[in-house]
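Engineer: The structure that follows is given in the form of structure tokens.
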Amino acid sequence: MLLNVPKLPEGNSEFQLEDRPNYFQLSGEDFQLVEPVRFDCHVWKSGREVIVRGGLQSAFRLTCSRCLEPFTFAVTTTVFADYRPRSRQVVEEALELEPAELDTRTYAHDEIDLRLLVRDHLSLELPMKPLCREDCAGLCPHCGVNLNTQRCSCVEQQVDPRLAILQQVKLRTRT
Ligand SMILES: [Zn+2]
Ligand SMILES: [Zn+2]
861 MLLNVPKLPE
871 GNSEFQLEDR
881 PNYFQLSGED
891 FQLVEPVRFD
901 CHVWKSGREV
911 IVRGGLQSAF
921 RLTCSRCLEP
931 FTFAVTTTVF
941 ADYRPRSRQV
951 VEEALELEPA
961 ELDTRTYAHD
971 EIDLRLLVRD
981 HLSLELPMKP
991 LCREDCAGLC
1001 PHCGVNLNTQ
1011 RCSCVEQQVD
1021 PRLAILQQVK
1031 LRTRT
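Given below as structure tokens:
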């Protein structure tokens, strides 16, 4: 996902970009990008300034934080970034003048590497507490079975401690 700035036409242009998931090196202990990344990319160029915006689509493989099962997490998000050639003066100007919501970035050697932009925006979509589904029942805290797919008898066996005391009292009065 590279844009060669001198080759871009002035004004608006559009690109459909796609790359394999491992190109983005987005994987960790409990997440992995598993689907190709599709980037519907709208570019606006004026001289050496380039504005990139568009929609991103891909999917992660995550582990559910409740039932510990792996699941696929689809991601769609938008990006909006302003690229300027890397030079100290331009960077300083950009930091002071740009509104906070605009992602201002720099490029060098006439080439914009969109991989970093895409990586940043996709990783922002990673949930803090991944859930395979909203109402995931999780694991039984006593025997560990997955309560989404199995039942266990732990709940019935468990006796409320207050009831246990009552039972003892009854037993005592009977003797
Ligand atoms: Zn789950
Ligand atoms: Zn159980």
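Each residue of the sequence shown is one higher than the one before, starting from 861 at the first, in our numbering. Where a beta carbon is used, it is the ideal one built from N, C-alpha and C, also for glycine.
1) Sorry if obvious, but does the Cβ on L991 come closer than 7 Å to a heavy atom of ligand 1?
2) Starting from A997, follow its DSSP beta bridges and name the residues at the other end.
3) Pull up the CB-CB distance for A919 and A941, whole angstroms please, since I reckon it's below 8 Å.
4) Go to D973, then tell me how far its beta strand (DSSP E) extends in each direction, as first and last residue.
5) Is S983 helix, strand or coil by DSSP?
6) Could you check whether V897 and L916 sit closer than 8 Å to each other, using their CB atoms as the reference points?
7) If you reduce the DSSP assignment to three classes, tell me which class K905 lands in.
Structural biologist: Considering the structure as presented:
1) Reading the sequence shown from its first residue, position 131 is the one you call residue 991. The answer is yes for L991.
2) On the sequence shown, position 137 is the one that residue 997 refers to. The partner list for A997 (beta bridge, DSSP) is empty, contrary to what the question assumes.
3) To locate residue 919, count along the sequence shown from 1; it is residue 59. To locate residue 941, count along the sequence shown from 1; it is residue 81. Between A941 and A919 the Cβ distance is about 22 Å, and since that is not below 8 Å, they are no contact.
4) Working through the sequence shown from its first residue, we reach residue 973 at position 113. Taken as a continuous stretch (DSSP letters only), the beta strand (DSSP E) holding D973 covers E971 to D973.
5) Reading the sequence shown from its first residue, position 123 is the one you call residue 983. Here S983 sits in helix by DSSP.
6) Counting from 1 along the sequence shown, the entry for residue 916 is found at position 56. Counting from 1 along the sequence shown, the entry for residue 897 is found at position 37. Judged by beta-carbon spacing, V897 lies within the 8 Å limit of L916, meaning their Cβ atoms are closer than that value.
7) The residue you call residue 905 lines up with position 45 of the sequence shown. Of the three classes helix, strand and coil, the one that applies to K905 here is strand, per DSSP.
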